[in-house]
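Heads up, the sequence shown is in the numbering used here, so the first residue is 1 and it goes up one at a time.
The beta carbon of each residue, even a glycine, is placed where N, CA and C say it ideally should be.
Keep in mind that this is a model prediction, so the values were computed, not measured.
Worksheet for the structure shown next.
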Amino acid sequence: MYPDHTPHVPVQRAVDVHRPTPLPPAVVAPAPMVPVQPGTVPAVASVVLPDGRVVTGYAIDHTQPTPAATPPAVSCTAVNVALGGVGFLAVCGGLLLLTSFIAALTAFITQLITLAAVIFGGWIAVQIFTGTGDRGGTTVNIRKAVIKRNHFHG
């Protein structure tokens, strides 16, 4: 019974029947026969299984595994050390050039500082030793001065 209290009535549905369509037989051409030299036909071998059955077939030669690759004559570590040495030599050359450049730059800066000191010092000397008129102080001209017993007589 369903919740609405109606009896369950099965519903009849139409059944679809599908019938397979037969395919026409495929026409297969026979494989061409390859002539075999008389000495190349492999031997037929028969094996008797424990339950008494006999299995017959062609004997197959076992394939030999490929030999493992031999290690190189020079180890990878030796190659890495050698390459590191070459790189170190290249860096040393660059460092030599860098130190030469730093020394030249230091000498140039020292010369610039010396030149600035000479020019600035000369300018200061010129300012001190040139008379440019009245400087606003008292001028005293002393011509013949006589100093007796720590007294000034002018």
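- In the structure shown, Val86 adopts helical secondary structure according to DSSP, grouped into three states.
- For Gly57, the uninterrupted beta strand (DSSP E) segment begins and ends at 54–58.
- Annotation: Trp123 to Ala90 spans about 50 Å, alpha carbon to alpha carbon.
- In the DSSP annotation of this structure, Val15 is not part of any beta strand (DSSP E), being labelled neither H nor E.
- Closest by C-alpha distance to Val44, out of Thr56, Pro50, Gly52, is Thr56.
- Here the C-alpha atom of Tyr58 lies approximately 18 Å from the C-alpha atom of Gln64.
- Per DSSP, Ala45 is one residue of the beta strand (DSSP E) stretching across 44–48.
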